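Enquirer:
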Amino acid sequence: MDCIFCKIINGDIPSTKVYEDDKILAFEDINPCAPVHVVIIPKDHLLTCADDITEENSGIIAYIFSKIPEIARIKGLTNGYRIVNNCGEDGAQTVRHIHFHLVGGTKLTEKIC
Ligand code: 5GP
Ligand code: ZN
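Numbered per my numbering, the sequence shown spans residues 1053 to 1165.
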């Protein structure tokens, strides 16, 4: 599959890993927008963005969120952070493999857009 994130998962594209287990991978964003900017993805390319989430497939999303505190701790985010999912054309999504941006390491802007 011609998916950048699947290539990162299988090692065809190198990345700086922050956290990995059998279900998910977290790695440093190549173009960070904050001092800490980690991309968290499921290893299974099943969902493209939040719009694909259903009651049946949402287990992996719950799992990702259950690991976010640990990933935040790994990155030293002790004073809060922001989680973002860009979805679709109007969401300005560029990689169509569902992912969550974990950003922080500074006081972020109060408005998200
Ligand atoms: P999106 O715009 O789809 O929400 O976010 C995609 C993110 O993936 C962007 O923040 C972009 O910088 C990051 N990205 C794209 N290609 C690569 C890559 O090859 N390696 C890494 N580490 N991040 C990437
Ligand atoms: Zn993929």
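The beta-carbon is built from N, C-alpha and C at its ideal position, and this holds for glycine as well.
Owing to the predicted nature of the structure, the values given are computational and were not obtained by experimental measurement.
1) Using the beta carbon as the reference atom, which residues fall closer than 5 Å to any heavy atom of the ligand ZN, ordered along the chain?
2) When we look at the beta-carbon of residue 1133 and count the other beta-carbons within 10 Å, is it buried (16 or more) or exposed?
3) Between residue 1139 and the rest of its own chain, which residues show a CB-CB distance below 7 Å, the 5 nearest in sequence each way excluded?
4) Taking the CB atoms as reference points, tell me whether residue 1081 and residue 1091 lie closer together than 8 Å.
5) Compute the minimum distance between the beta carbon of residue 1147 and the heavy atoms of the ligand 5GP, and state whether it is under 7 Å.
Expert: From the atom records:
1) 1055, 1057, 1058, 1097 and 1149
2) buried
3) 1101, 1102, 1103 and 1145
4) yes
5) yes
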